[in-house]
Amino acid sequence: DGGITQSPKYLFRKEGQNVTLSCEQNLNHDAMYWYRQDPGQGLRLIYYSQIVNDFQKGDIAEGYSVSREKKESFPLTVTSAQKNPTAFYLCASTRGLAGVNTGELFFGEGSRLTVL
Amino acid sequence: RKEVEQDPGPFNVPEGATVAFNCTYSNSASQSFFWYRQDCRKEPKLLMSVYSSGNEDGRFTAQLNRASQYISLLIRDSKLSDSATYLCVVSDTGRRALTFGSGTRLQVQP
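Which chain is which? The protein sequence lines are A and B, in order.
Each residue of the first sequence is one higher than the one before, counting from 97 in my numbering.
Each residue of the second sequence is one higher than the one before, counting from 11 in my numbering.
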């Protein structure tokens with residue numbers, strides 16, 4: 097079955113450590129996204145990528161980095177520069193502009209990061 | 011001002027009730043609109059698109075008022091299984107991304 101796989105599902109990290117969240121999709125989607133969700137809040141866009149080897153900052157990119165070396169993969173690194181990293185991180189993909197216009201954003205199950 | 015604003019709720023309603031959620035958006039150039047549903051500690055899932063003429067999917071009706079930049083979702087005959095957070099979503103064709111509201115929490119009680 098096609099879908100998006102995020103790992104790990106739960107992650108604990110000490111302050112000052114970088115951590116990388118994995119996101120893999122086998123839907124053959126061009127566009128991939130990372131969102132962050134805090135309790136009682138909506139989703140805020142961190143980074144997005146429309147095509148391999150290209151990505152853009154979203155609304156809250158500071159303290160995060162991404163890469164898009166393969167179509168299937170869009171890992172997110174939460175660096176020590178991110179001041180408040182504890183949150184629920186959601187990766188998503190879509191076919192591109194057509195997918196955005198139809199609202200067909202496919203999400204992974206999310207990664208819950210807690211900084212101790 | 012937030013791009014997409016929703017009343018956070020919670021809306022506590024009895025089974026069988028009709029409940030309506032509203033949402034406003036700030037970007038008049040937005041082209042596409044949606045409602046997503048998110049269960050507790052789960053990923054959001056597309057509930058329905060919102061069309062200018064209004065559209066219905068079973069017990070759910072969505073309306074769009076472009077002049078007022080206002081979107082609504084009506085749920086009739088509420089079920090316990092409707093308990094969730096409903097996210098208002100607007101397309102950002104410039105960035106080719108979706109912008110999410112903070113959600114309205116619905117709790118249907120027996």
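In this text, a Cβ means the ideal position worked out from N, Cα and C, and glycines have one as well.
In its own chain, which residues sit with a C-beta less than 6 Å from the C-beta of A/G159, not counting the 5 before and 5 after it? Along the first sequence, one-based indexing puts residue 159 of chain A at 63. Beyond the five residues adjoining it in sequence on each side, A/G159 comes within less than 6 Å, by CB distance, of T175, A177 and Q178 in the same chain, given in chain order.
Does the separation of the CB atoms of B/C33 and B/Q16 fall below 9 Å? For the purposes of this step, residue 33 of chain B is identified with residue 23 of the second sequence, where counting begins at 1. For the purposes of this step, residue 16 of chain B is identified with residue 6 of the second sequence, where counting begins at 1. Contact: yes.
With distances taken from CA atoms, which of A/T173, A/F203 and A/N149 is nearest A/E165? Residue 165 of chain A sits at position 69 when you count from the first residue of the first sequence. Nearest C-alpha to A/E165: A/N149.
Would you list, in chain order, the members of the region 149-180 of chain A that have their beta-carbon closer than 8 Å to a beta-carbon of chain B? Within the region 149-180 of chain A, the residues whose Cβ lies closer than 8 Å to some Cβ of chain B are Q152 and G154, listed in chain order.
List the DSSP bridge partners of A/T116. Looking up residue 116 of chain A in the first sequence gives position 20. According to DSSP, A/T116 bridges with A/T173.
Cβ of B/Q16 less than 9 Å from any chain A Cβ? Position 6 of the second sequence, counting from 1, holds the residue named residue 16 of chain B. So, interface residue.
Uninterrupted beta strand (DSSP E) stretches inside the region 29-117 of chain B (no shorter than 3 residues): Under the rule that a run must span 3 or more residues, the beta strand (DSSP E) segments found entirely inside the region 29-117 of chain B read 29-35, 43-48, 55-60, 65-67, 70-75, 80-85, 94-102 and 107-110.
B/S42 to B/Q119 span [Cα, whole Å]: For the purposes of this step, residue 42 of chain B is taken as the residue at position 32 of the second sequence. For the purposes of this step, residue 119 of chain B is taken as the residue at position 109 of the second sequence. Distance between the alpha carbons of B/S42 and B/Q119: 32 Å.
Which residues mark the beginning and the end of the beta strand (DSSP E) in which A/L212 is found? As a first step, residue 212 of chain A must be located in the first sequence, where it is residue number 116. Here A/L212 belongs to no beta strand (DSSP E), and DSSP marks it neither H nor E.
So B/I85 and B/V29 are in contact, right, with Cβ under 8 Å, and what is the actual spacing, rounded? Position 75 of the second sequence, counted from the first residue, corresponds to residue 85 of chain B. Position 19 of the second sequence, counted from the first residue, corresponds to residue 29 of chain B. Between B/V29 and B/I85 the Cβ distance is about 5 Å, and since that is below 8 Å, they are a contact.
Ordered along the chain, which non-local residues of its own chain (more than five positions away) have a Cβ less than 7 Å from that of B/Y46? Counting from one through the second sequence, the residue named residue 46 of chain B turns up at place 36. The residues P54, K55, L56, L57, L97 and V99, in chain order, have a CB closer than 7 Å to that of B/Y46 in the same chain once the five nearest residues on each side in sequence are set aside.
Have a look at A/V211, A/A183, A/A188 and A/E205 and flag the residue whose alpha-carbon is nearest the alpha-carbon of A/S145. Counting from 1 along the first sequence, the entry for residue 145 of chain A is found at position 49. The shortest CA-to-CA distance from A/S145 to any of A/V211, A/A183, A/A188 and A/E205 is the one to A/A188.
Mind pulling the chain A residues with CB within less than 7 Å of B/G113? For the purposes of this step, residue 113 of chain B is identified with residue 103 of the second sequence, where counting begins at 1. Proximity of chain A to B/G113 at the Cβ level (cut-off 7 Å) is accounted for by G138, in chain order.
Could you tell me whether any Cβ in chain B is nearer than 9 Å to the Cβ of A/L107? In the first sequence, residue 107 of chain A corresponds to position 11, counting from 1. No - not a single Cβ of chain B is within 9 Å of the one on A/L107.
Taking 7 Å as the limit between beta carbons, can you name the residues of its chain near A/G98, skipping five residues before and five after? Taking the first residue of the first sequence as 1, we reach residue 98 of chain A at position 2. Hits under 7 Å: N122 and L123.
Excluding sequence positions up to five away, which residues of its chain have a Cβ less than 7 Å from the Cβ of B/D67? One-based indexing of the second sequence puts residue 67 of chain B at position 57. Only M58 meet the Cβ criterion.
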